[in-house]
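S.K.: In numbering that gives the first Met the number 0, the protein residues as written are 0 to 129.
Shown below is the structure under consideration.
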Amino acid sequence: MTRCFPPDEPSSNPAFLCTHCGHAVPGSAPGTVHRNHCPRCLWSLHVDLKTGDRRSACRGPMEPVAIHTRTDGEWSILHRCQRCGFIRMNRIAGDDNELLLMSMAMRPLARPPFPLHRMGELAAFSEDGP
Ligand SMILES: [Zn+2]
Ligand SMILES: [Zn+2]
């Protein structure tokens, strides 16, 4: 049994149990108004139609899939709902798991879709000039 967020209290930030790792997540988070993901495993729940309104009926688990960097350098997490496929960007909070954030940001670099030795060849070409 999981407690539902009251739909008539969009501005309140109740504490919640993470449905992914079971962590008891405090309602307030340093650096953000709307706590929308677990700081330990970074998973979220599809509960909002618009940020913080808690009006979505889906309630599917949302997997953290990628890091997005804004022009001002601030990081956001891209969450994808496992139930309906909805994708949302959420600002990171001050107490988010930094190791997980870094490993998510590094994931594409660790698995490039082309052989790395070709990078050296390309660099040699550009040094020669046109
Ligand atoms: Zn969690
Ligand atoms: Zn969903």
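Quick reminder that beta carbons are idealized off the backbone N, C-alpha and C, glycines included.
Looking at ligand 1, does it come within less than 7 Å of residue 45, judged from the CB to the closest heavy atom?
M.R.: No - ligand 1 has no heavy atom lying nearer than 7 Å to the Cβ of residue 45.
S.K.: Please classify residue 116: does DSSP put it in a helix, a strand, or coil?
M.R.: It is helical.
S.K.: My assumption, with CB atoms under 8 Å, is that residue 83 sits in contact with residue 45. Please give the rounded CB distance.
M.R.: Confirmed, about 7 Å.
S.K.: Report yes or no: do the segment 84-92 and the segment 20-34 share at least 3 C-beta pairs separated by less than 8 Å?
M.R.: As far as the Cβ criterion goes, the segment 84-92 touches the segment 20-34, which means the pair count is three or higher.
S.K.: Excluding the five sequence neighbours on either side, which residues of its own chain have a C-beta within less than 6 Å of the C-beta of residue 13, listed in chain order?
M.R.: Taken in chain order, the residues that qualify are 26.
S.K.: Compare the Cα-Cα distances from residue 99 to each of 38, 24, 49 and 72 and report the closest residue.
M.R.: The shortest Cα separation from residue 99 among 38, 24, 49 and 72 belongs to 38.
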